[in-house]
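Undergrad: Numbering (this note's numbering), first residue to last: 1018 to 1312.
Every residue, glycine too, gets a C-beta built ideally from N, C-alpha and C.
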Amino acid sequence: MSQTLTPHRPPTTPAARPAPRPRRRRGSLLGRIGLTVAVTVALAPALFVFFWMLTSSFKQQVDIYTIPPKWFDFTPTLDNYREALTRTPFARYMTNSLVVATCSSLLGLVIGVPAAYSIARYRQTKLSLSLLTARLLPGVAYLVPFFVAFTALRMVGTYPALILSHVIITFPLTVFIMVNFFAALPQEVYDAAEVDGCGKLETFARIAVPLTRPGMLTAGILAFIFSWNDFKMALILSDGDSRTLPVAVFNFVHEASLDWGPMMAYASIIMLPVFVLTLAAQRHIVTGMTMGSVK
């Protein structure tokens, strides 16, 4: 019997079709537009207050009280800034604010970074819950105990009293920012440190801390801003020599009137260092706030 051999034909493949063009999602465009509108509406009150404060600092007193308000049709003047800087010992108040904000931020980092490492590394949920509960309490709840304690210790009107009172703001803030950073470190990093013979303290100092420097920078900047703007603690625990800039605004409040022009000029000066610091460290703040949220 003879077998008929058929020639081998290579398998045919269907002709390659061009990849479909990606369609623009209409929902995503509408979502971006909606987000832009929502952010604009949310920021409008704050931007309006900022605009009103800044323009009022360049107005005469009569222009501030004019109805309807003069938004642009007024003659700018620097008399308010001149009066704000000469009526009060501005250099002393600036020094007080810098010392208190810097020291309280550093102290918050010194205490808060090890606490955050302990919470994230050893799952100390009870400690985290205690700090959260303490942070949720209003700042007014601490005023009377602090005033009684510092009065008994004769510390009212001193730097240590203001610094320690501001730590209740900077310490929890540092902890809750740094916990995310320490929790985002892979377990293999700690295992490798143990294999290399590092103890617990050495692992924290030589491994964990250097890897979370962006978070420390973010926590330090935000703690400095919150301490710089604090009013309640400085009002109760300071005196004429240790008064900070937010409290010094009271120098323009009288029984029957308010010096709106110098007050707005003073408020603009207080805001300027924080504004410059935020712009200079904006990239680090955004990186620090988002890095710890993703493993």
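Taking the alpha-carbon positions, what's the Arg1152 to Ile1186 distance?
TA: 8 angstroms
Undergrad: DSSP three-state label for Leu1071, please.
TA: helix
Undergrad: Using a Cβ distance threshold of 8 angstroms, determine whether the region 1150-1169 contacts the region 1213-1225, with at least three qualifying pairs required.
TA: no
Undergrad: Beta carbon of Met1250, beta carbon of Leu1154: below 8 angstroms?
TA: no
Undergrad: Under 8 angstroms Cβ to Cβ from Phe1164, same chain only, skipping five residues before and after it: list those, please.
TA: Val1173, Ile1253, Leu1254
Undergrad: What distance in whole Å lies between the Cβ atoms of Val1192 and Ala1133, which are believed to be in contact at a cut-off of 8 angstroms?
TA: 5 angstroms
Undergrad: Using the C-alpha atoms, what's the distance from Met1111 back to Ile1287?
TA: 9 angstroms
Undergrad: Can you tell me the Cα-Cα spacing of Lys1312 and Gln1299, whole angstroms?
TA: Caution is warranted here: a pLDDT of 46 is assigned to Lys1312, below 50, making its placement in the model unreliable, and the coordinate value is therefore given only provisionally. Each residue's CA atom was taken as its position, placing Lys1312 and Gln1299 some 22 angstroms apart.
Undergrad: Starting from Cys1215, follow the alpha helix (DSSP H) in both directions and report where the run begins and ends.
TA: Where Cys1215 is concerned, there is no enclosing alpha helix (DSSP H), given that its DSSP letter is neither H nor E.
Undergrad: Alpha carbon to alpha carbon, how far is Glu1219 from Leu1052?
TA: 46 angstroms
Undergrad: Does any heavy atom of the ligand MG sit closer than 7 angstroms to the C-beta of Ala1108?
TA: Questions concerning the ligand MG fall outside what the structure shown contains, since it holds no ligand whatsoever.
Undergrad: Which residue comes first and which comes last in the alpha helix (DSSP H) that contains Arg1109?
TA: 1107-1139
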